[in-house]
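Asker:
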Amino acid sequence: MAKNASLGRWVAVGLGLGIGLGTGAGTGAGTGAATAQTAAAEQPSDTYAPTTAADKTNAAALPDALAEPHLDVIPRTEDETARIADVTAPARDFSAPERFEANQAGAATVRARTDADAFSQSSANMPFESELNFKVGNGLFKKLWVSSPSSTLASDGLGPLYNARSCQRCHLKDGRGHPPAGPDDSAVSMFLRISVPAPEASEMSEIEAFLVTLGEETRRTRPDPTYGGQLQDFGVAGHPAEYRLDVAYAEREIALSGGETATLRVPSYTAADLGYGPLAPGAMLSPRVAPPMIGLGLLEAIPAADILAGADPGDADGDGISGRAQVVWSFEFDRPMLGRFGWKAGAPTIREQSASAFAGDIGISSPIFDTPWGDCTEAQADCRDAPHGDDDARGTEIDVEGLDLVTFYSRNLGVPARRDEGDPQVLRGKQMFHDAGCASCHTPKYVTHRLKDQPEQSFQLIWPHTDLLLHDMGEGLADHRPEGRATGREWRTPPLWGIGLTEQVNGHTNFLHDGRARSLLEAILWHGGEAAAAQQAVVAMPAPDRAALIRYLESL
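Structure, rendered in structure tokens:
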């Protein structure tokens, strides 16, 4: 079921995964620029207010609603279920590594290279006959698209408005993007997502109507009527870019135990040089950096039931953690599904996530989002009327075969093995990770579905350190921009595997969804809301234990 790219973003589909969260509620005022800042007082409530009745309805309805039509699953036996419960039980002994802990992706784990290609290897258990598909998919992932008309028919269709000319330009070395380091640095791996409050009389989207059947009323949003679902900072010849991203920081010092201190950067974002007039009143902006690509197929293969088992929207157990499942509308399968991918879990599958990125980031149509002008709106008539690349044998600018190959590549980027998992300091850090409560959201272990046609992802014990649920992360990280079920304070728990190789692969240590944190410690210190107790535990723990915790994260 193909959809216009902007309308598809009613379900909040966005760039990838990664560690962390962010800020930014757009004012939408002015003709030349709009500024994204934390502005809680100007926004309706961003807090999820659970009710006993709603929680019971959700618990009963979600499992029936969240089937997995993208996976060909072999059901587990009772014996397998018991074995899985045993092997995924939380760690209790921190004197030595757990069995198989070094292989974060099970049999798909790849060796930990010492160069910048550590995230660019294929799953170690990939059959030889699949290697060609992986390599061709890699070629399409790196492919530089050109504008239409062009003599290179298989590569035309860029834009007309876009953020990058290829997937690789944002996901550098299949790794993590970064904010611009200064006025002369590119913002190619970062952009601003945008939405506006839905008019009261507007027709409900598919997902909004479904959530009403669960007894939920979400803050309804729509793309900006002029700028669509995200701001593009490039345009092909004759088409002005939508904006220029400016980032500024103020610093805030945090006192730690042992006389130590840390300095946090508080960002503000400006959509400067708006090319098509002011943003709509009430426009909400949220900055996003491109996340790493490793392990996506394994995350997709975690049983939805196992993810839902961790949800506790009303905090029934009283531990202060109340994860909620994101529910999105799949435009490929025309049904509600569990959201897994994106900063607020706005996409249900890798294939749909890839199609959305082609549409929004590059302006390339696909069988899922088939409009050739990408994110351009009705107000941008010149963009819609421009030449496009969908008038040849492909049908859409990337066809079914091309989208499948990119999906296969993205599904099979391997997770590197752990380093130094048996080091005493790393083991001490692991205990601190658990003692501080980090594992309450960053769930260490799962076993994936047994799958008929995906040997790389089938029945693997994996260690992603995520529950893939939405959590309230506090005011400091709030963007005040709801997406589907997610409020403006909620974000999906990002996986942590590979995080210790960020500097090696990408040459920086910028974390959180907007890259504001310059170290893993800064990323931790930004945690609030449900994670406030864990953050305070890290602040208060003895300095050697805090250093051990960071060393543990660096070993992942």
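Under the working numbering, think of the first position of the sequence shown as 1, with each following residue one higher.
A virtual CB, placed ideally from N, CA and C, is assigned to each residue, including glycine.
To the nearest angstrom, report how far apart residue 356 and residue 331 are at their CA atoms.
Answerer: 10 Å
Asker: In its own chain, which residues sit with a C-beta less than 6 Å from the C-beta of residue 84, not counting the 5 before and 5 after it?
Answerer: 447
Asker: If you draw a straight line from the alpha carbon of residue 111 to that of residue 524, how long is it in whole angstroms?
Answerer: 28 Å
Asker: Starting from residue 243, follow the alpha helix (DSSP H) in both directions and report where the run begins and ends.
Answerer: Counting along the chain, residue 243 falls outside any alpha helix (DSSP H), and DSSP gives it neither H nor E.
Asker: Give the DSSP-derived three-state secondary structure of residue 270 in the structure shown.
Answerer: If DSSP states are grouped into helix, strand and coil, residue 270 belongs with the strands.
Asker: For residue 306, which residues in the same chain have their Cβ closer than 7 Å to its Cβ, ignoring the five residues on either side in sequence?
Answerer: 446
Asker: For the 8 Å Cβ check, are there 3 or more pairs between the region 182-202 and the region 281-298?
Answerer: yes
Asker: On the CB-based measure, 16 or more other CB atoms within 10 Å of its CB, does residue 493 come out buried or exposed?
Answerer: Buried, since its Cβ has 16 or more Cβ neighbours within 10 Å.
Asker: Considering only residues of the region 445-528, which uninterrupted alpha helix (DSSP H) runs meet the minimum length of 4 residues and lie entirely inside it, listed in chain order?
Answerer: For the region 445-528, whole alpha helix (DSSP H) runs of length 4 or above, ordered along the chain, are 502-506 and 520-525.
Asker: Report buried or exposed for residue 487, applying the criterion of at least 16 other Cβ atoms within 10 angstroms of its Cβ.
Answerer: buried
Asker: Could you spell out the range, first to last residue, of the alpha helix (DSSP H) harbouring residue 87?
Answerer: 78-87
Asker: Roughly how many whole angstroms lie between the Cα atoms of residue 369 and residue 362?
Answerer: Going from the Cα of residue 369 to the Cα of residue 362 covers about 12 Å.
Asker: By the three-class DSSP mapping on this structure, what secondary structure does residue 160 have?
Answerer: coil
Asker: Please determine, among 477, 102, 143 and 150, the residue with the shortest C-alpha to C-alpha distance to residue 402.
Answerer: 143
Asker: Is it true that the region 534-549 meets the region 427-441, where meeting means three or more beta-carbon pairs spaced less than 8 Å apart?
Answerer: yes
Asker: What are the boundary residues of the beta strand (DSSP E) that residue 549 is part of?
Answerer: Run containing residue 549: none in the beta strand (DSSP E); it sits in the alpha helix (DSSP H), 543-554.
Asker: Run through the DSSP bridge pairs and tell me what residue 230 is partnered with.
Answerer: 193
Asker: Flag residue 375 as yes if its beta-carbon sits less than 7 Å from any beta-carbon of chain D, otherwise no.
Answerer: Absent from the structure is chain D; it holds one protein chain and no more.
Asker: Counting only the same chain and skipping the five closest in sequence on each side, list residues whose C-beta sits under 7 Å from that of residue 544.
Answerer: Nothing meets the Cβ criterion.
Asker: Hey, how far is the Cα of residue 241 from the Cα of residue 376?
Answerer: Answer to the nearest angstrom: the Cα atoms are 11 Å apart.
Asker: In its own chain, which residues sit with a C-beta less than 6 Å from the C-beta of residue 70, not counting the 5 before and 5 after it?
Answerer: So the qualifying residues of the chain are 349.
Asker: Inspect the CB distances between the region 501-513 and the region 454-463 and report whether three or more fall short of 8 Å.
Answerer: The region 501-513, when compared against the region 454-463, does not touch it at the 8 Å Cβ threshold.
Asker: Quick check: residue 495 and residue 444, are their CB atoms within less than 7 Å of each other?
Answerer: no
Asker: Just verifying my parser: in three-state terms, what is the DSSP assignment at residue 249?
Answerer: strand
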